[in-house]
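With the numbering used here as the guide, the letters of the sequence shown map in order to residues 113 to 336. Every residue gets a Cβ at the ideal spot worked out from N, C-alpha and C, and that includes glycine.
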Amino acid sequence: MNVTIAAEPSPLTFDPATAALVIIDMQRDFIEPGGFGETLGNDVSLLAAAIAPCRAILDAARAAGLLVVHTREGHEPDLSDAPPAKLDRGEPTARIGAPGPMGRILIRGEPGHDIIPALAPAAGEIVIDKPGKGAFYATALGAVLADRSIATLLVCGVTTEVCVHTTVREANDRGFRCVVIGDACASYIPEFHAAGLAMIKAQGGIFGWVSDSASAVAALRGAG
Ligand code: C5J
Numbered sequence: 113m114n115v116t117i118a119a120e121p122s123p124l125t126f127d128p129a130t131a132a133l134v135i136i137d138m139q140r141d142f143i144e145p146g147g148f149g150e151t152l153g154n155d156v157s158l159l160a161a162a163i164a165p166c167r168a169i170l171d172a173a174r175a176a177g178l179l180v181v182h183t184r185e186g187h188e189p190d191l192s193d194a195p196p197a198k199l200d201r202g203e204p205t206a207r208i209g210a211p212g213p214m215g216r217i218l219i220r221g222e223p224g225h226d227i228i229p230a231l232a233p234a235a236g237e238i239v240i241d242k243p244g245k246g247a248f249y250a251t252a253l254g255a256v257l258a259d260r261s262i263a264t265l266l267v268c269g270v271t272t273e274v275c276v277h278t279t280v281r282e283a284n285d286r287g288f289r290c291v292v293i294g295d296a297c298a299s300y301i302p303e304f305h306a307a308g309l310a311m312i313k314a315q316g317g318i319f320g321w322v323s324d325s326a327s328a329v330a331a332l333r334g335a336g
């Protein structure tokens with residue numbers, strides 16, 4: 113049965129059976145003190161606002177039987193999947209792979225790479241480890257979604273203008289309808305968060321739609 117989500121620039125009707133919730137990079141390295149986000153000089157407390165809205169959508173998506181995908185940005189311990197152009201930035205002691213309070217920064221298997229406990233993946237949910245900002249680049253995400261005939265993505269997570277935006281742009285070019293859940297995204301730079309959301313829905317929804325967690329939960333309740 114189709115459901116309709118209130119969104120901008122227009123409401124969107126979709127079939128929950130061909131929709132997925134994609135939660136981008138809600139990892140300790142971005143959200144907690146001592147991780148990658150903080151080494152870049154950011155105030156990581158700004159990302160906390162997205163946690164409860166993400167949790168509300170996650171609960172609703174699970175109840176509605178949606179495919180749930182979690183992503184994690186990070187690299188192999190030998191950094192073989194990290195291009196020098198990405199590694200050679202910032203203070204040498206605070207770069208990707210350097211030791212930090214939550215283990216080596218942005219390295220798979222380290223505590224900081226984990227998804228925060230409030231949004232921990234449930235058994236059977238898909239976790240995509242990605243070396244880039246976009247969740248389609250060098251991952252199996254495209255194949256996973258194609259296998260399940262997914263057409264619509266509800267997207268949330270951090271950060272709005274970096275990994276959320278890159279993923280939505282990649283998905284849009286691949287033919288997915290993307291609804292970004294604005295209050296379930298966050299940025300270290302509030303004006304970039306606002307501009308990132310505005311860019312998605314501008315020009316008739318050039319990259320997709322923008323909604324909010326209450327509207328997403330209400331729409332998914334109709335699917336349960
Ligand atoms: C960043 C991300 N901001 N997940 N990563 O480097 O947005």
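Closest by C-alpha distance to residue i, when choosing among the options
i, options, result
"N154", "A298, A173, L265 and A250", "A298"
"S261", "A210, A132 and T271", "A132"
"P109", "A119, E222 and S157", "Outside the shown range of the chain, which is 113 to 336, sits residue 109, and nothing can be said about it."
"V318", "P213, S122 and D127", "For the record, residue 318 in the displayed sequence is Ile; it is not Val. Of the candidates P213, S122 and D127, the one whose C-alpha sits nearest the C-alpha of I318 is S122."
"E203", "T279, L152, S323 and F126", "L152"
"P233", "V134, I219 and A118", "V134"
"A210", "P165, G177, G147 and T116", "G147"
Residue range of the unbroken beta strand (DSSP E) whose run includes residue i
i, result
"E185", "L179 to E185"
"I163", "Here I163 belongs to no beta strand (DSSP E); instead the alpha helix (DSSP H) covers I163 to A176."
"T125", "L124 to F126"
"A298", "R289 to A298"
"I318", "No beta strand (DSSP E) holds I318; DSSP gives it neither H nor E."
"L133", "A131 to I136"
C-alpha distance - residue i paired with residue j, whole-angstrom precision
i, j, result
"D259", "F248", "15 Å"
"G308", "A230", "25 Å"
"D295", "I312", "14 Å"
"D285", "W321", "14 Å"
"I293", "E150", "24 Å"
"A168", "I208", "31 Å"
"D141", "Y300", "13 Å"
"G186", "P213", "16 Å"
"H277", "S192", "25 Å"
"R281", "I143", "23 Å"
"V181", "T205", "32 Å"
"I217", "A255", "29 Å"
"A235", "A173", "14 Å"
"L339", "I238", "In the structure as shown, the chain begins at 113 and stops at 336. Residue 339 is therefore absent and cannot be evaluated."
Residue span of the alpha helix (DSSP H) that contains residue i, given as start and end
i, result
"V280", "H277 to D285"
"V329", "S325 to R333"
"T151", "F148 to T151"
"I143", "R140 to I143"
Beta-carbon separation (whole angstroms), residue i vs residue j, contact threshold 8 Å
i, j, result
"T183", "K242", "6 Å"
"V270", "D137", "6 Å"
"A335", "P128", "4 Å"
**OP:** Go through the region 194 to 274 residue by residue and report every complete run of the beta strand (DSSP E) that reaches 3 residues or more, in order.
**Re:** Counting only runs of 3 or more, we get 238 to 242 and 264 to 270.
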